[in-house]
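Here the structure comes first, spelled out in structure tokens, and everything after it is commentary.
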Amino acid sequence: MSTPRPLRLGTRGSDLALWQSRHVAARIAALPGAPEVELVVIRTAGDNIADVPLSQVAGKAFFTREIEEALLSGEVDLAVHSLKDLATEMPSGLAIGAVLERQDPRDVLLAAAPVTLDTLPAGARVGTSSLRRKALLARARPDLVAVELRGNVPTRIRRLLEGRYDAIVLAAAGVNRLGLTAEVREHLDPERFLPAVAQGAMAVQLRSADSETTRWVASLDDGPTRASTAAERALLGRLEGGCQIPVGAFAEVAGGKLRLRAAVCALDGRRVVAGQRGVLARPAA
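Each number in my numbering comes from the position in the sequence shown (counting from 1) with 9 added on.
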């Protein structure tokens, strides 16, 4: 029996991106007769432009465009993304081959001191690059000061420990995957602090016509996670949002039903449009 050709997996070079890509590579390698998986590190605009607020960046593929171009050109066979980074409108010829089981979708508050969102002192500086987090912070604690924070997860935590911020807000999944939980002070309740669309989920992207790679990736797909994130992404697509709209959404599948909660906030947190609905048979509806 011939050895299958190696699969080339495109990934960003951050610690979190490499962790996620190695995780997927290991899952594929564990399959009977699986090919080797070679990681190909690709720098994206999001890696090259680290000093501009995400809300001011043009386009919705800031962290993925160069990787998607490598997929379309055949330079790589598959790519692993944080699903929240993938635009809801995918380039023609590409598809999501698998959505892995979602990990903790919540945001977490990190601080050097033992504080929570409610016990932070008035005027405390809270670091985040997300309009959603800034709006929700303003709604929950209008006396706090949201301060721009870019960089990968270790860089953000280092800046916190250097004293540049009193606290920072990050995605729990990324912090957990890297084992950087020492400064986590609170897991923010998604009923009060709705997470980003698809937060905590990883996606494997590939060429839609590549049946061989699709076959290897298919077993990684988690049905409930695909359904819940499809509902969240459908909402975001209808709002035509990316990093430029303060929108939070969280869908859960339980008892054969899908429940989607979502909210769009004013930047100052004073106005919120929220609602919930769901039909599991048509999660994108």
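Ideal Cβ placement from N, Cα and C applies to all residues, glycine included.
Can you find the residues in the same chain that come closer than 6 Å, C-beta to C-beta, to S23, ignoring five residues on each side of it along the sequence?
Taking the first residue of the sequence shown as 1, we reach residue 23 at position 14. Within the same chain, S23 has close Cβ partners N161.
So, does the region 87-98 touch the region 132-145, judging by three or more C-beta pairs under 8 Å?
no
If you reduce the DSSP assignment to three classes, tell me which class D94 lands in.
The sequence position of residue 94 within the sequence shown is 85, counting from 1. Helix at D94.
Taking 7 Å as the cut-off, is the beta-carbon of L81 closer than that to any non-hydrogen atom of the ligand ATP?
You won't find the ligand ATP in this model; it holds no ligand whatsoever.
V50 to E84 span [Cα, whole Å]:
Here residue 50 corresponds to residue number 41 of the sequence shown, with the count starting at 1. Here residue 84 corresponds to residue number 75 of the sequence shown, with the count starting at 1. Taking the straight line joining both Cα atoms gives about 11 Å.
Note down, one range per segment and in chain order, each beta strand (DSSP E) of at least 3 residues found wholly within the region 75-137.
87-91, 103-108, 116-119 and 134-137
Residue nearest to P296 in terms of C-alpha spacing, selected from R21, D231, V226 and I254:
Summary: the structure shown does not reach residue 296, with the chain confined to residues 10 through 294, and so no result is reported for it.
So, is T234 buried or exposed, given that buried needs 16 or more other C-beta atoms within 10 angstroms?
In the sequence shown, counting from the first residue as 1, residue 234 sits at position 225. The residue in question, T234, is buried, as its Cβ has 16 or more Cβ neighbours within 10 Å.
Return the CA-CA distance between R21 and A131, expressed in angstroms with no decimal places.
Along the sequence shown, one-based indexing puts residue 21 at 12. Along the sequence shown, one-based indexing puts residue 131 at 122. In a straight line, the C-alpha of R21 is about 38 Å away from that of A131.
Return the first residue and the last residue of the alpha helix (DSSP H) that L153 is part of.
By one-based count along the sequence shown, residue 153 stands at place 144. Counting along the chain, L153 falls outside any alpha helix (DSSP H), and DSSP gives it neither H nor E.
Could you tell me whether the region 199-208 touches the region 153-173, where touching means 3 or more Cβ pairs closer than 8 Å?
no
Distance, Cα to Cα, E241 vs P199?
Within the sequence shown, the letter at position 232 stands for residue 241. Within the sequence shown, the letter at position 190 stands for residue 199. C-alpha separation (whole angstroms): 14 Å.
Can you list, in chain order, the residues of its chain with a C-beta nearer than 7 Å to that of K93? Leave out the 5 residues immediately preceding and following it.
The residue given as residue 93 occupies position 84 in the sequence shown. Here the set comprises A205, V206, A207 and Q208.
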